[in-house]
Structures are given as C-alpha cells and as structure tokens.
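Accompanying notes for the structure given below.
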Ligand code: GRF
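Set out below in structure tokens:
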C-alpha cells in the first residue's frame, strides 16, 4: 500500500499545461499527491513559471551543459533522488532517456503522448494523423521503457478527427483530452491501483489486456 500523498517529480521542456492541470488537481484535492520538484532541461521553458507560481520547487538541468546523455541523466537523478520522489511524471519532456535511466526508475516513470499509441510515436503526431487520414486520434498515458513511446499503455482517450481539422484544431482537442486523462491516471497510481510488473500493467490487481479507453467529451463553454 502506498503512503499518501505520493511524492512527484514532474519533468518538462516547454509550456507546462499538463503540469498546470496536475498542480490544479492537487490544489482542488482531486489528486492525493505533492509536487516535490519540477525539472526542466530548458531554462527558458514557460512551464517553470507555472511551477513557481504555485511555489513548487524547480530545478533546471540544461542538457547543453553536459558532455553526453549519461552525465545529463546523472544530473537529473541527483535532483530526483534528493527529492525522494515516488513517481516521475514526464509532461512534455523532450529528451530521450537511456535504458539505464529508465531501468533505475522502472515502474515509477510515466509519460503522456499525444496519439493513440502504438500509432504515431515520435513528433508531429497531429499532422501525421491528418496526413494518414486517421479517423481517430488521441492521447495515451504509458509507463516509460527504453523503447521511445513504446512502453505499456495504461489508458487512452480517443478523439474523433473532424473533416475540417487542421493540425492546430486537432492538437487543441487532444490537449484538452490530455488534461483530463493525466491527472486521472496519476490518481490511480496515487491510490496504489496501477502498477507495472515486468511488461504488464496491473489495474486493481488484474493484468490489463488492453489500455483502458475513454471517449473524448468536448469541454463545456
Ligand atoms: C503534450 O502534448 C504531451 O502529450 C507531449 O508534449 C506536450 C506537452 O505540452 N508529450 P505541455 O508542455 O504540457 O503544455
């Protein structure tokens, strides 16, 4: 049984809207967690201001100041371990992590990706979904493994692609879906309901044969 509230480190590279929704969910008691640390690999990331506004401790670990991936990750681990976190939440963190780093935090490392994985791993997912004439797109929360965007998926929200969609309009709806999905899945983790055993996700003690699926609901104006 996990002791509440769960201690989180959130890793970002950019604007930090997912970070904001996580902090909001904590503020409004929808998530029994504490953000112990926000780490950005980019000193100019707008998400740092999001963190500072709520008083969350921040650290910048700028990958450009390290000679290589491993030394950069040592820098990350030093901060993460000093904060004694239970869970590392990747929220728009744009660096590929080595197998060593991922193994060190196996089962305690989550990511959100803007597609219905395994479709459209990598970048520019919205434009690629449109180019492929996909009828559905969406967001996935998954455990991180050494395979980029390839770890076991816990849950996904399916977002319909509309005839008039351009990458920006589709991205907006997917982001809205992300903002609901991530705090929800983090809540499962905080309640000790979700875990990774070898390559299998367990929810409420049972192996998940397939990711939990949610349908997109448009936000009320
Ligand atoms: C999100 O679309 C997330 O799925 C992807 O990067 C983006 C981050 O956005 N991994 P934000 O920084 O949380 O606004």
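In the working numbering, the protein residues as written are 1299 to 1519. For each residue, glycine too, the CB sits at the ideal point set by N, CA and C. Given the structure is predicted, the values throughout are model-derived calculations rather than measurements.
Closer than 7 Å: residue i CB and nearest ligand 1 heavy atom
i	result
residue 1339	no
residue 1350	no
residue 1345	yes
residue 1437	yes
residue 1424	no
residue 1313	yes
residue 1377	no
residue 1414	no
residue 1516	no
residue 1317	yes
residue 1411	yes
Inter-residue Cα distance where the pair is residue i and residue j
i	j	result
residue 1400	residue 1413	21 Å
residue 1300	residue 1490	Its pLDDT being 48, under 50, residue 1300 is placed unreliably in this model, and the coordinates cannot settle the point.
residue 1493	residue 1311	26 Å
residue 1419	residue 1320	23 Å
residue 1397	residue 1357	23 Å
residue 1303	residue 1488	7 Å
residue 1454	residue 1406	19 Å
residue 1391	residue 1363	17 Å
residue 1426	residue 1469	11 Å
residue 1450	residue 1497	7 Å
residue 1341	residue 1360	7 Å
residue 1501	residue 1446	23 Å
residue 1324	residue 1384	16 Å
residue 1504	residue 1495	11 Å
residue 1421	residue 1327	33 Å
residue 1499	residue 1467	32 Å
residue 1515	residue 1506	24 Å
Short Cβ contact (8 Å threshold) for residue i with residue j
i	j	result
residue 1479	residue 1437	yes
residue 1430	residue 1308	no
residue 1387	residue 1408	yes
residue 1517	residue 1462	no
residue 1329	residue 1448	no
residue 1382	residue 1433	no
Rounded distance between the beta-carbons of residue j and residue i, thought under 8 Å
i	j	result
residue 1442	residue 1452	That belief does not hold up - the Cβ atoms of residue 1442 and residue 1452 are roughly 11 Å apart, past 8 Å.
residue 1457	residue 1477	The Cβ separation is near 12 Å, so there is no contact.
residue 1314	residue 1343	7 Å
- Any chance the region 1369-1382 sits against the region 1344-1351, with 3 or more Cβ pairs inside 8 Å? no
- Query: Are at least three pairs of beta-carbons, each pair with one atom in the region 1326-1337 and one in the region 1505-1515, less than 8 Å apart?
  - Reply: no
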